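Structure record follows, encoded as structure tokens.
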Ligand SMILES: NC(=O)c1ccc[n+]([C@@H]2O[C@H](COP(=O)([O-])OP(=O)(O)OC[C@H]3O[C@@H](n4cnc5c(N)ncnc54)[C@H](OP(=O)(O)O)[C@@H]3O)[C@@H](O)[C@H]2O)c1
């Protein structure tokens, strides 16, 4: 398949084309996210000449680093994780824009120092710049940073022109349940207007995730069949082959339902199921996404037992390597009831999707790393080609491959060569790599550029994040009362607990092997 990609999101929704002068302050800049993702993303934007002419990055964290030390650390991050090699000349210019403020998050002097530095940078460039505060810290620090920014006069709504020139970026997870998400939204809204708040779900920055919208709404062939009349069911899988990788403490608090399902998988569901928005702008797109979340039939009480399966890995072998059980990981309770796998069946109660099951699953230590959305279509109404059982009558499947091997595959039945009547499923494949011959930008590149440009289409709005938590919190309530009796219940390297297979068998379906 060959293709020409039009990008209505990029074309239609930005407030401006070139970012205005800006200072980005990263709270938690000595952490893993900054060196692995944020510094390489900003560097790659510089490579593409997409950073504003007067740009500065200020790291804020506890460690006693100098500007010079921060620059060296960021350089190492870029050298190790950038998709493109470091260019000495470019780096020399880029690194001069990096500064560091060393303070505890709860100490007012740190924010005074920050304010002095931001004002000085504004003065040097001769124009007041955008200020972007990136909260790349443990979520427990969000409230104190928001308060201290405000006390220092760096965030107060009253001081703002409400033109979006001050923006705040919040990393995931946004809340722990519905109440905590609401409390965080309330706190943010006391200091910032909604159009200044950018809640990141980095899945939305992936090219292939955005392509779900392109495929559906830039082509005319899909819309007529994208509904209950033609779609039998939908499967969304986000599988990881790794375990918790030293993040046991975080995972004990979180689990797969909060960590993956509430955010990434529900976002994929939204984009797959939403109605066409009236326009490609931030509010029109997000209005439609929220409608999907609100139309999901709540899974409550006994339905949780029938429609949701949780699992925890018991150790085993993946690709020739032995893996320990989750309960033996560092900082994990040996009797932990945190789930490392969750699968669910849900329904969307609206005109388009009534009665169509959506099966979602995500887990750690599964056989491979793969994320895909697959739309399985209904069988034709009449079996025209009687084949005496010789043919393999598999349904049409449209698989949208999010990662890796990004692309789309379309499974159709064709006649096998020969004089006998025979049919076989074949796949028509489109692969990003071979069609475009270029590596797509990292999700954080796109997202950081969007914040600089003031485009919040790919960020989660407050009502959206609360609607997602509202759905998930009902399930958590039931789980809190009924600890899992059978953990650990799946081998590392398997596709999860048997119960997840049985959930689909009962409906006459089975999981795809992506
Ligand atoms: N890492 C990833 O790939 C990734 C991916 C998606 C989302 N996230 C989210 O991004 C956020 C940050 O993750 P991370 O992995 O970068 O975390 P991390 O490695 O634990 O870094 C935490 C940062 O917070 C700073 N910090 C902690 N306590 C502080 C205090 N009292 N005062 C001042 N600074 C303090 C640390 O500074 P010091 O080192 O100076 O103590 C460090 O810079 C989390 O919300 C995470 O869920 C991370």
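Residue numbers (the working numbering): 19 to 532. We put the CB at the ideal spot given by N, CA and C, even for glycine. None of the values given here were measured: they were computed from a predicted structure.
DSSP state of residue 85 mapped onto helix, strand, coil: One-based indexing of the chain shown puts residue 85 at position 67. Residue 85: helix per DSSP, three-state reduction.
Cβ-heavy atom distance, residue 228 to ligand 1, below 7 Å: Numbered from its first residue, the chain shown carries residue 228 at position 210. Residue 228: no, Cβ never under 7 Å from ligand 1.
Residues of its chain near residue 501, where Cβ-Cβ distance is below 7 Å and the 5 sequence neighbours each way are ignored: In the chain shown, the residue the question calls residue 501 occupies position 483. Result list for residue 501: 355, in chain order.
C-alpha distance - residue 115 paired with residue 70, whole-angstrom precision: The residue you call residue 115 lines up with position 97 of the chain shown. The residue you call residue 70 lines up with position 52 of the chain shown. Using only the alpha carbons, I get a separation of about 12 Å.
Cβ-based burial, residue 44 [other Cβ within 10 Å; buried from 16]: Start at 1 with the first residue of the chain shown, and residue 44 comes out as number 26. By the neighbour-count rule (16 or more Cβ atoms within 10 Å), residue 44 is buried.
Residue 214: CB within 7 Å of a non-hydrogen atom of ligand 1: The count along the chain shown starts at 1 and reaches residue 214 at position 196. No.
Sequence-distant residues of the same chain with beta carbon closer than 6 Å to residue 148, five excluded per side: Translated into the one-based positions of the chain shown, residue 148 becomes position 130. Once the five neighbours on either side are set aside, the close Cβ partners of residue 148 are 38, 40 and 183.
Euclidean distance between Cα positions of residue 178 and residue 141: If you number the chain shown from 1, residue 178 lands on position 160. If you number the chain shown from 1, residue 141 lands on position 123. Caution applies to residue 178, whose pLDDT of 49 falls short of 50 and renders its modelled position unreliable; the model cannot decide the point.
Quiz: which residues have CB nearer than 5 Å to ligand 1 non-hydrogen atoms: In chain order, the hits are 46, 48, 49, 50, 51, 79, 80, 81, 122, 123, 154, 155 and 189.
Residue closest to residue 430, alpha-carbon to alpha-carbon, out of 126, 95, 424 and 441: Numbered from 1 along the chain shown, position 412 holds the residue referred to as residue 430. The shortest C-alpha separation from residue 430 is found at 441.
Neighbour-count burial assignment, residue 124, 16 or more Cβ in a 10 Å radius: In the chain shown, the residue the question calls residue 124 occupies position 106. When all chains shown are included, residue 124 counts as exposed.
N- and C-terminal bounds of the alpha helix (DSSP H) containing residue 113: The residue given as residue 113 occupies position 95 in the chain shown. Element bounds for residue 113: 106 to 113.
CB of residue 313 within 8 Å of CB of residue 393, strictly: In the chain shown, the residue the question calls residue 313 occupies position 295. In the chain shown, the residue the question calls residue 393 occupies position 375. No; because the gap between Cβ atoms is not below 8 Å, this pair is not in contact.
At least three beta-carbon pairs within less than 8 Å, the segment 433 to 450 to the segment 191 to 202: no
Candidates 398, 373, 399 and 273: closest to residue 358 by CA position: To locate residue 358, count along the chain shown from 1; it is residue 340. The shortest Cα separation from residue 358 among 398, 373, 399 and 273 belongs to 273.
Cβ contact (3+ pairs, closer than 8 Å) linking the segment 417 to 425 and the segment 221 to 232: yes
Cβ neighbour criterion (16 or more within 10 Å) applied to residue 180: Working through the chain shown from its first residue, we reach residue 180 at position 162. Legend: pLDDT at residue 180 = 49, less than 50; position of this residue unreliable, value from coordinates given subsequently. Classification for residue 180: exposed.
Limits of the unbroken alpha helix (DSSP H) element including residue 141: By 1-based counting over the chain shown, the position of residue 141 is 123. First-last of the alpha helix (DSSP H) with residue 141: 126 to 143.
Closer than 8 Å to chain C by CB, residue 308: Absent from the structure is chain C; it holds one protein chain and no more.
For residue 478, the three-state DSSP class (helix, strand or coil): The residue you call residue 478 lines up with position 460 of the chain shown. Strand.
Residue 139 versus residue 117 - alpha carbon distance: If you number the chain shown from 1, residue 139 lands on position 121. If you number the chain shown from 1, residue 117 lands on position 99. So the alpha carbons of these two residues sit roughly 11 Å apart.
Reference residue 360, options 504, 378, 348 and 374, closest by Cα: For the purposes of this step, residue 360 is taken as the residue at position 342 of the chain shown. With distances taken between CA atoms, residue 360 lies nearest to 378 out of 504, 378, 348 and 374.
Exposure of residue 219, with buried meaning 16 or more beta-carbon neighbours within 10 Å: If you number the chain shown from 1, residue 219 lands on position 201. When all chains shown are included, residue 219 counts as buried.
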